[in-house]
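What follows is a set of notes on a single structure, which appears directly below.
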Amino acid sequence: MTGDLSVTYDRNQLVRVFVKGGMITPQIFMTVLEASEMAGNYFVHFGSREDILFPVEPSILPRIEKYLTTHHVDFEYGKRDAYQNIVSSAIALDITANTSWLNLDKYLSILKSFDFTPRLKINITDPKQSMVPLFTGHLNYIAAERADYWYLYIRNEHNRNRLEKWPTLIRSADLSKLSRYVENRLVKSPKSLLADLIVGLAEYLKIDSIVSKVELRLPNSLFPYYEGLNNVDESLLWLGLYWRNNEFDIAFLRKACQLCMQTGPAYIYISPWKSFVVKGINAADQLSWEKLMGQMGINMRHSSLELNWHIPVLDEEALLLKRYLVQELDQQDISTHGLTYTIETTEDKLWFTSIVIQKSTEQHHHHQPVYHLLYAKEFNPNSTVYYSYAKMVHKEILPAMLIELSKLYYKTLKF
Numbered sequence: 113m114t115g116d117l118s119v120t121y122d123r124n125q126l127v128r129v130f131v132k133g134g135m136i137t138p139q140i141f142m143t144v145l146e147a148s149e150m151a152g153n154y155f156v157h158f159g160s161r162e163d164i165l166f167p168v169e170p171s172i173l174p175r176i177e178k179y180l181t182t183h184h185v186d187f188e189y190g191k192r193d194a195y196q197n198i199v200s201s202a203i204a205l206d207i208t209a210n211t212s213w214l215n216l217d218k219y220l221s222i223l224k225s226f227d228f229t230p231r232l233k234i235n236i237t238d239p240k241q242s243m244v245p246l247f248t249g250h251l252n253y254i255a256a257e258r259a260d261y262w263y264l265y266i267r268n269e270h271n272r273n274r275l276e277k278w279p280t281l282i283r284s285a286d287l288s289k290l291s292r293y294v295e296n297r298l299v300k301s302p303k304s305l306l307a308d309l310i311v312g313l314a315e316y317l318k319i320d321s322i323v324s325k326v327e328l329r330l331p332n333s334l335f336p337y338y339e340g341l342n343n344v345d346e347s348l349l350w351l352g353l354y355w356r357n358n359e360f361d362i363a364f365l366r367k368a369c370q371l372c373m374q375t376g377p378a379y380i381y382i383s384p385w386k387s388f389v390v391k392g393i394n395a396a397d398q399l400s401w402e403k404l405m406g407q408m409g410i411n412m413r414h415s416s417l418e419l420n421w422h423i424p425v426l427d428e429e430a431l432l433l434k435r436y437l438v439q440e441l442d443q444q445d446i447s448t449h450g451l452t453y454t455i456e457t458t459e460d461k462l463w464f465t466s467i468v469i470q471k472s473t474e475q476h477h478h479h480q481p482v483y484h485l486l487y488a489k490e491f492n493p494n495s496t497v498y499y500s501y502a503k504m505v506h507k508e509i510l511p512a513m514l515i516e517l518s519k520l521y522y523k524t525l526k527f
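Plus 112 on top of the position in the sequence shown (first one is 1) and you've got the numbering used here.
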């Protein structure tokens, strides 16, 4: 399956592989790559919920399903959204600031306790990092300063997606149990509010929770540059890679997995930004990775203008608009460091970027598309409050509007 994405296949033909917490071993990743190749692909996509996607024609689906099931790979086919991938900010460890008690072992322990594939979107994140959005789940667990405890914010689509804060902090060991309880209640009664979920909880579940008067503080750190080979310390490095079209080459990924297995990195981390990270690279193996990049023709130094965009998978219209805007902003030599962008061509209110470019449902002069520009409160992508900046803007005017917003951001920037 190659060629124009909009012609070749659509989202109903996608296999979505669940990658719990965005962490996948090289061995399992190799299995997923093999399945995609069996389906006639030379690539895989990465999704905004840290999952892996690839197209499969219905005629060969049974073969692919059998292969993945035999190898114990959790997946879903088509645009059903019956189940969801668990998102974590484990990818941000060693790359951005982090809460002192939250390390890789803690993430692994929590993720292992989820012995079911949830129907609700669950986020498990560190509030001090800025790589992974905090509030794009239905259940959003956010690390507290108190060791081993978490805030919980519930976002219910049947309650206008408003965030409701759970009244107590939840212990790490109870996240999976509470998630299963809340999910069961919401599946039966989708319009349940926070008070409804708390009533009767003690009858069904015993959890370790404490009351805290310390309010959650949202991060205000800049969005990190996550590409290239970077030092953790004198002995370790991490590698971040991004593809413009979100078609990650299987031949390269297979060699990267093999190199991981030969040299030690235990996991490959998928980001919500259609990119991936390899951590735990020994400094002694740096040359091996650089040779692999060179031999496969991999670009490790894209402009930072390209790395901070959220584009829906298979949205050719959004991808083309992004390319146009990046080119125009690059010619203006404008800085967008710290800002993130969403291009929305179909309605989706779960934004997680500083700025949103929203295609209007109305057509303007000569049937050309026009756009609305919105920005998050204080330009914080974890804010759920967005302000309108401009409406019914033509494509050609968008670069100038984005430059204005960039200047406004730097004018109001605080640390």
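Glycine included, each C-beta is placed from N, C-alpha and C at the ideal position. Computed from a predicted model, the values in this text were never measured in an experiment.
- Under DSSP, the beta-bridge partners assigned to Asn235 are Val199 and Asn252.
- Counting along the chain, Tyr189 sits inside the beta strand (DSSP E) bounded by residues Phe187 to Tyr189.
- Between Ile222 and the set Val311, Val294, Met135 and Pro167, the nearest pair of CA atoms involves Met135.
- Under the 10 Å beta carbon count, Pro279 is surrounded by fewer than 16 other beta carbons and is classified as exposed.
- Gly133 sits buried, since 16 or more C-beta atoms from the chains shown fall within 10 Å of its C-beta.
- Beta-bridge annotation (DSSP): Gly340 is paired with Gly352.
- The Cβ neighbour count for Ser212, taken over all protein chains shown within 10 Å, is under 16; the residue is labelled exposed.
- Contact between the segment 359-378 and the segment 442-457 is absent: fewer than three C-beta pairs spanning the two stretches fall below 8 Å.
- For the pair of segments examined, the segment 389-405 was found not to touch the segment 141-157: the number of CB pairs separated by less than 8 Å stays below three.
- Judged by their CB atoms, Thr465 and His506 are not nearer to each other than the 8 Å cut-off.
- In the structure shown, Met504 falls within a strand segment according to DSSP collapsed to helix, strand and coil.
- Gln470 is bridged by DSSP to Glu456 and His484.
- Boundaries of the alpha helix (DSSP H) around Ile515: Leu510 to Thr524.
- Proximity of the segment 409-421 to the segment 350-357 meets the contact definition, three or more beta-carbon pairs being nearer than 8 Å.
- Boundaries for Leu126: no alpha helix (DSSP H) harbours it, while the beta strand (DSSP E) harbouring it runs Leu126 to Val129, taken from the DSSP string.
- If the five residues before and after Ile203 are omitted, its C-beta is found closer than 7 Å to the C-beta atoms of Gly134, Met243, Val244, Tyr381, Ser383 and Val389, all from its own chain and listed in chain order.
- Counting C-beta pairs closer than 8 Å gives fewer than three between the segment 331-344 and the segment 280-293, which falls short of the contact rule.
- Counting along the chain, no alpha helix (DSSP H) covers Asn357, and no H or E run does either.
- In this structure, DSSP gives His270 a helical state, which the three-state scheme calls helix.
- Listed in chain order, the non-local C-beta contacts of Tyr261 below 7 Å within the same chain comprise Leu281, Ile282, Arg283 and Ile322, local neighbours out to five positions each way being set aside.
- The three-state reading of DSSP puts Leu281 in strand, counting E and B together.
- One Cα belongs to Lys191, the other to Ile140, and the distance between them is close to 23 Å.
- Within 10 angstroms of the beta-carbon of Gln407 lie fewer than 16 other beta-carbons, which makes it exposed.
- With respect to Ile455, Ala488 sits apart: the two C-beta atoms are not nearer than 8 Å.
- Inter-residue distance for His184 and Val168 is about 18 Å (C-alpha atoms, whole angstroms).
- Residue range Ile164 to Pro167 is occupied by the beta strand (DSSP E) that includes Pro167.
- Exclusion of the five residues before and after Leu214 leaves Asp238 and Ala255 as the residues of its chain whose Cβ lies within less than 6 Å of its Cβ.
- Per DSSP, reduced to three states, the secondary structure at Tyr154 is coil, with no helix or strand assignment.
- Trp421 carries a strand assignment under DSSP once its states are collapsed to helix, strand and coil.
- A residue is called buried when at least 16 other Cβ atoms come within 10 angstroms of its Cβ; Leu520 does not meet this threshold and is exposed.
- For Ser383, there is no enclosing beta strand (DSSP E), as DSSP marks it with neither H nor E.
- In this structure, Ala502 places its C-beta atom within 8 Å of the C-beta atom of Leu485.
- The segment 291-307 and the segment 226-234 touch, with three or more beta-carbon pairs separated by less than 8 Å.
- Contact between Ile236 and Tyr263 does not hold, since their C-beta atoms are separated by about 11 Å, which reaches or exceeds 8 Å.
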